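Participant: Residue numbers (full-length UniProt numbering), protein chains in the order written: chain S, 1 to 349; chain V, 1 to 312; chain G, 1 to 331.
Just so you know, even glycine gets a beta-carbon here, dropped at the ideal spot from N, CA and C.
Just so you know, these numbers come straight off a predicted model, no measurement behind them.
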Amino acid sequence: MRSVSKYFDGGDTVANYKLDMEIDDGEFVVFLGPSGCGKTTALRMIAGLEDPSDGEIYFDDDRVDGTPPADRNVAMVFQNYALYPHMTVRENIEYPLKVRGVPPEERDERVAQVAELLHIEDQLSSDPGEISGGQRQRTSLARAIVREPSVFLLDEPLSNLDAKLRLEMRSELKRIQNELGITTVYVTHNQEEAMSMGDKIVVLNDGTIRQVAEPQELYRRPRTTWVAKFIGSPPMNLFEGANNDGTVQLDGGNSLPTTAETSSPTVSLGVRPEDIALSTEPPDTDWTVPGTVKTVEPLGEYVLVNVEVGGSVVNVKVSHTDAGPGDPVHLTFDPEDAYLYDENGELVA
Amino acid sequence: MSVESYLEDRLDRDVDGEKLTAILVFMLPGLTLFAIFSVGPMVYSAVGSFFTWNGFDIGQFAGFETWVATFQDDAIINWSNLRALEYPMGALPQNLIWMLVHVPLSTLLGLGLALLFADLRGRSVLRSMVFLAFTTPTVVIGLVLLFVYDPQAGIFNELLRALGLEGQVRNWVQEPQIAIYALIAGGVWVQTGFSMLLYSSALAGIDPALLESARVDGAGRFRRFKDIIWPLVKPVTAVVVIMSMIWVIRIFAIVYAAGGPSGGPGGVFSVLGLEVYQAAFSTPIEYSKAMVVALIELVIALPMAWYIASMD
Amino acid sequence: MTDTHHSDDSTDAEPDTDRDSDADTDLSTDGGRVYHEPPETAPTADRSPVERVRAAVPSGPRALRYAVAIGVALLWLVPLIGLFMASVRPLDQVIQGWWSFEGMTITFENYARAWEFQSGPMRQAMWNTAIVTIPSVLAVTLLGTMVAYPFARFDFPLKTALFFLLIVVMAAPPELVAMGNYNTLRTTGLFDTYMGLILVHIGWGMGWVVMFLRNFLLGLPEELEEAARIDGASRYQIFKSIVLPYSAPALVSVAVIQFTWVWNSFFFPLVFMRSRENQLAPQVLPLMKGRLQIDWGLVAAGSVLTMIVPIVLFVTLQRYYKQGMVAAVAD
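(1) Less than 7 Å between the C-beta atoms of L238(S) and T225(S), yes or no?
(2) For a quick check, are the C-beta atoms of L32(S) and I201(S) less than 7 Å apart?
(3) Which whole-angstrom value is the C-beta distance of V187(S) and T40(S), which I expect to be below 8 Å?
(4) May I ask which residues mark the beginning and end of the alpha helix (DSSP H) holding M291(V)?
(5) Going by alpha carbons, who is nearest to I46(S) out of P96(S), L153(S), E116(S), N80(S)?
(6) Among L132(V), S38(V), V255(V), which has the Cα closest to the Cα of W98(V)?
(7) If I follow the unbroken beta strand (DSSP E) through N306(S), where does it start and stop?
(8) If you follow the alpha helix (DSSP H) that D108(S) is part of, which residue opens it and which one closes it?
(9) In chain order, which continuous runs of the beta strand (DSSP E) of length 3 or greater are located wholly inside the stretch 12-96 of chain S?
(10) Could you tell me which of M206(G), T316(G), A178(G) sits nearest to L138(G), measuring between CA atoms?
(11) Looking only at C-alpha atoms, which of Q135(S), L180(S), G300(S) sits nearest to M169(S)?
(12) Anything in the stretch 147-174 of chain V with a Cβ closer than 8 Å to a Cβ of chain G? List those residues in chain order, please.
(13) Measure from the C-beta of N306(S) to each C-beta in chain V and report whether the shortest distance is under 7 Å.
(14) In the DSSP assignment, the alpha helix (DSSP H) including P61(G) goes from what residue to what residue?
(15) Under 7 Å between the Cβ atoms of Q191(V) and S124(V)?
(16) Rounded C-beta distance between S200(V) and F117(V)? I'm assuming under 8 Å.
(17) First and last residue of the beta strand (DSSP E) that includes W67(V)?
(18) Between which two residues does the beta strand (DSSP E) harbouring V151(S) extend?
(19) Helix or strand or just coil, what does DSSP make of P298(S)?
(20) Show which residues of chain V have a CB atom less than 9 Å away from the CB atom of I311(G).
(21) Going by DSSP, what residues sit across from A300(G) in a beta bridge?
(22) Compute every distance between the C-beta of Y199(V) and the non-hydrogen atoms of the ligand SAM, then say whether any falls below 6 Å.
(23) What does the alpha-carbon distance come out to for the pair F34(V) and V43(V)?
(24) Any idea what DSSP makes of D327(S), helix, strand or coil?
(25) Whole angstroms is fine: what's the gap from N78(V)'s alpha carbon to G60(G)'s?
(26) Using a Cβ cut-off of 9 Å, which residues of the stretch 44-65 of chain S contact any Cβ in chain V, in chain order?
(27) Return yes when the Cβ of R224(V) is within less than 7 Å of the Cβ of A209(V), no when it is not.
(28) Got a sec, what are the start and stop residues for the alpha helix (DSSP H) I206(V) sits in?
(29) Would P245(G) pass as an interface residue toward chain B - the criterion being a Cβ-Cβ separation below 7 Å?
(30) What are the boundary residues of the beta strand (DSSP E) that includes I209(S)?
(31) Assuming V203(S) is part of the alpha helix (DSSP H), what are its boundary residues?
(32) Can you tell which of L49(S), P85(S), Y84(S), P265(S) has its C-alpha closest to the C-alpha of D342(S)?
(33) Could you check what DSSP says for D57(V) in three-state terms: helix, strand or coil?
(34) Whole angstroms is fine: what's the gap from E281(S)'s alpha carbon to G232(S)'s?
(35) Return the chain-ordered list of same chain residues with a C-beta closer than 8 Å to the C-beta of A133(V), the five sequence neighbours on each side being excluded.
(36) Would you please verify whether the beta carbon of A82(S) is less than 7 Å from any beta carbon of chain V?
This is the structure:
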């Protein structure tokens, strides 16, 4: 698959819906968004389970919208695995081959191959009801892989697994995708999954693409305040302020110099919690904001401090602090780590 | 047979008196009525079938006399007509033929309609329209069939006229060799709603992801039905088939309304239930024959009910 | 589905369609990766109301399915529609065919005659049916729950035997108990009385009602009862305050289904109700046929009067009816 370009309009039944993007061959693309954002709908339209009421979908140069799913050479893994309960693991895996009329000897061979790849050789004759969640997950992956599809679609495949298994399957999935080099579209609402697995992440909300970027870039340079608030845990802090031609007058009182050019009268300044330093003495820089500590949560790896600044709460991640609730503090950050968004929430600098 | 007194005896020996008293208090009223009006009369019939009867009074022990006589009774099995495959064949073969034609037809139609309505908007209304006949009193169904097949006022004959088959117009329930099929068609009409309802709920229970997965796997409409839907609704098919069989073996009011207590001219569509009624409650009173015929019905239905009960 | 409106819409979607058609050239680039600017609004607003309606109306094979489905459902109603038509038209018009609407006149004459029908006025018969049906349904529902609760919850001697008996009774034809009950009612003087028929219906219905409610109550979480016991509730209080409310939907199902069965039942009244003033509605209907020419209007009116009660009940409580029906046989 060289490129996919889609542009959908889900009509008035699903939501107003519009996507427009491309996916490269062999790429692992993650659709990330809150539930109901339309990411599954997008996946189902690629699969052919739903028709775009408008727009086109291309696999390479072939237009596929209107083509039944069977003829698209896509494989899909469903959130609940959708294993056929009345078939054994082996029958489940070989079903797509059987439907396509692959002769039995070849079927056996290929089932054996994927079973080995996914470490489920010993479960082949079991019923789906008898095996563990992780094995079910592997079975449904095997069923998708066995066909050697040109596009691999995964709909929240890890959401029904427990935390430990999820981590394990995450790297497993990534390994298999690397090994097979199949173009993969992965839908999830879990940003950790998206960050760790995706070559490229597509952030969706309300049926619209909010940003397409590599994981690091998405994290470092969220293009809108919406994305900024969606990515990261805790998410990026946003300081509201007024734009005074070269300086930003924060609601907290401080005035910061800025090089960004925008005509927007109100702006917000985004800083990641880990990019903020905390000090009790006023520091020797303009890039600082005073506040009052509300709570201190030592989380082992780091300490999360909630600081009240001008009526809103700012999250700060530090390795150590002596400040306690009620103490006045100063928040300091590097201008490099601050992003300026205009009144529409678009990134300016 | 008094289940309660036996229960009481056994229960007293147990330790947790309070609990057993509670159980007894809860169950006694219901089980008493159950024993007097259901279990008792059944045992009465089972025992009575081996005795001679004077009207409604029990007489001498007679062994299998009535049983043997019943199987030689033309009203129950008309052996010579049965060999010639000519109606009337007797209530037992007729009842079985009814079953043989009715059950597959109503089951398949029910499945077909369930599939047809499965994902349509307004399916609930469509289903109710088909199911309505099943909630109608069966005696009304019998009368409706008479009406439908009436040579003048019946819409079935009007349909034949409209199709240019004037020569075929007749009173279908009065045709000895055809009448039973005309009634079976009515039975199918009624019961399709029932099997459709069961299949609909079975279909609704199938995870849509399974069908979508099969679609993505490349299965066409027919394969999806054969490989996914059918295996998954199979247990329901067993229930539908058995419930329909029990329904047919008990059929009474439809036939009574359409052909009177004798079951049509010469009993051409008489069924076992009618024969019981005839034997027990019209002169000459033949209580033992009535009991035997009713027991034959039970013998046919019991293994099926047992199968359903042990299915879980 | 490739609908015809599909192509219409893509022309509305300017200018985005342009961009799609030469996707390889007109692109923004960001960090070496290629992507389009996300459009701000969805194009739905561009579609005219007519097009929206057209998009909502099923097309092609699906429209055909609707047509077939509606056709079949109507076909299934034809005999009942005919019955209703016959009940409101004079006999000569019915004989000409209820489906011909030429010179159609509506009359309630048939209902009036059925109401006062000589060998069993519906006025009386409907009343009798209600008097028999309502108490027997209420009693069997309550007594059935009382049997089903311990049956589902506790172990006691002869439990298996009871299970077996219930199944036998569920399988048995009503004719099997007719002779015994006939003699019982005769000797107790309950023959041809409301009470006699009510008792027979209770005893007969107990089989499936207990089985049904037992299966339902197997799903009653034991913790509920345990919590109540810790709170100091007696077994009777538990039954009243936990078991009955928990079973409410199942009880409605049982009551609705049992009501239609008892109301519609023909055989038991035929055997146990003999005198003209005690006859139940279903029993009267075959009498309306008459000897020579069947008086369709009369039969139809009587039938409609008889069936209207269970049908209204079904239509208003069909959720419970259907659920119960499915559960009764699927368990």
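Facilitator: Straight from the coordinates:
(1) As a first step, residue 238(S) is located in the first sequence; it is residue number 238 there, counting from the start. As a first step, residue 225(S) is located in the first sequence; it is residue number 225 there, counting from the start. Their beta carbons are under 7 Å apart, which means L238(S) touches T225(S) by this criterion.
(2) For this step, residue 32(S) is matched to residue 32 along the first sequence. For this step, residue 201(S) is matched to residue 201 along the first sequence. Against a cut-off of 7 Å, the Cβ pair of I201(S) and L32(S) comes out as a contact.
(3) Here the question's residue 187(S) lines up with position 187 in the first sequence. Here the question's residue 40(S) lines up with position 40 in the first sequence. So it is a contact: roughly 6 Å between Cβ atoms.
(4) Residue mapping note: residue 291(V) aligns to position 291 of the second sequence, counting from 1. From DSSP, the alpha helix (DSSP H) with M291(V) extends over 287-309.
(5) Working through the first sequence from its first residue, we reach residue 46(S) at position 46. The residue with the shortest Cα to Cα distance from I46(S) is L153(S).
(6) In the second sequence, counting from the first residue as 1, residue 98(V) sits at position 98. Closest option to W98(V), Cα to Cα, is V255(V).
(7) The residue given as residue 306(S) occupies position 306 in the first sequence. Taken as a continuous stretch (DSSP letters only), the beta strand (DSSP E) holding N306(S) covers 303-309.
(8) Locating residue 108(S) in the first sequence gives position 108, counting from the first residue. Start and end: 104-117.
(9) 28-32, 74-77
(10) As a working note, residue 138(G) is residue 138 in the third sequence. Considering only alpha carbons, the answer is M206(G).
(11) Mapped onto the first sequence, residue 169(S) falls at position 169. Measuring from the Cα of M169(S), the nearest candidate turns out to be Q135(S).
(12) F147, V148, D150, Q152, A153, I155, E158
(13) In the first sequence, counting from the first residue as 1, residue 306(S) sits at position 306. No, because no Cβ of chain V sits closer than 7 Å to the Cβ of N306(S).
(14) Position 61 of the third sequence, counted from the start, is the residue given in the question as residue 61(G). 61-87 is the span of the alpha helix (DSSP H), which, as asked, contains P61(G).
(15) If you number the second sequence from 1, residue 191(V) lands on position 191. If you number the second sequence from 1, residue 124(V) lands on position 124. No, the Cβ-Cβ distance between Q191(V) and S124(V) is not below 7 Å.
(16) Position 200 of the second sequence, counting from 1, holds the residue named residue 200(V). Position 117 of the second sequence, counting from 1, holds the residue named residue 117(V). That pair is a contact at about 7 Å.
(17) For the purposes of this step, residue 67(V) is identified with residue 67 of the second sequence, where counting begins at 1. Not the beta strand (DSSP E): W67(V) falls in the alpha helix (DSSP H), residues 65-71.
(18) Residue mapping note: residue 151(S) aligns to position 151 of the first sequence, counting from 1. First-last of the beta strand (DSSP E) with V151(S): 151-155.
(19) Taking the first residue of the first sequence as 1, we reach residue 298(S) at position 298. The answer is strand: DSSP assigns P298(S) an E or B state.
(20) The residue labelled residue 311(G) in the question sits at position 311 within the third sequence. The contacting residues are L132, T135, T136.
(21) Here residue 300(G) corresponds to residue number 300 of the third sequence, with the count starting at 1. DSSP, once it has assigned bridges, lists no residue as partnering A300(G).
(22) This structure lacks the ligand SAM, and indeed carries no ligand of any kind.
(23) Here residue 34(V) is taken as the residue at index 34 of the second sequence, counted from 1. Here residue 43(V) is taken as the residue at index 43 of the second sequence, counted from 1. Spanning the two alpha carbons is a distance of roughly 13 Å.
(24) Here the question's residue 327(S) lines up with position 327 in the first sequence. The answer is coil: DSSP assigns D327(S) none of H, G, I, E or B.
(25) Sequence index remark: in the second sequence, residue 78(V) carries index 78 (1-based). Sequence index remark: in the third sequence, residue 60(G) carries index 60 (1-based). Between N78(V) and G60(G), the C-alpha separation is close to 55 Å.
(26) R44, A47, G48, L49
(27) On the second sequence, position 209 is the one that residue 209(V) refers to. On the second sequence, position 224 is the one that residue 224(V) refers to. Cβ atoms of A209(V) and R224(V): not closer than 7 Å.
(28) Position 206 of the second sequence, counted from the first residue, corresponds to residue 206(V). Looking at the DSSP string, I206(V) is not in any alpha helix (DSSP H), and its letter there is neither H nor E.
(29) Here the protein chains are S, V and G, and chain B is not one of them.
(30) Taking the first sequence and counting its residues from 1, one reaches residue 209(S) at position 209. Here the beta strand (DSSP E) through I209(S) covers 208-213.
(31) Working through the first sequence from its first residue, we reach residue 203(S) at position 203. In this chain, V203(S) is not harboured by any alpha helix (DSSP H); it is covered by the beta strand (DSSP E) spanning 200-205.
(32) What you label residue 342(S) is simply residue 342 of the first sequence in a count that begins at 1. Of the listed residues, the one whose Cα sits closest to D342(S) is P265(S).
(33) The sequence position of residue 57(V) within the second sequence is 57, counting from 1. Residue state, collapsed to three classes: strand.
(34) Reading the first sequence from its first residue, position 281 is the one you call residue 281(S). Reading the first sequence from its first residue, position 232 is the one you call residue 232(S). Their backbone Cα atoms lie some 29 Å apart in a straight line.
(35) As a working note, residue 133(V) is residue 133 in the second sequence. Around A133(V): I141, W189, V190, G193.
(36) Locating residue 82(S) in the first sequence gives position 82, counting from the first residue. Yes, A82(S) counts as interfacial toward chain V.
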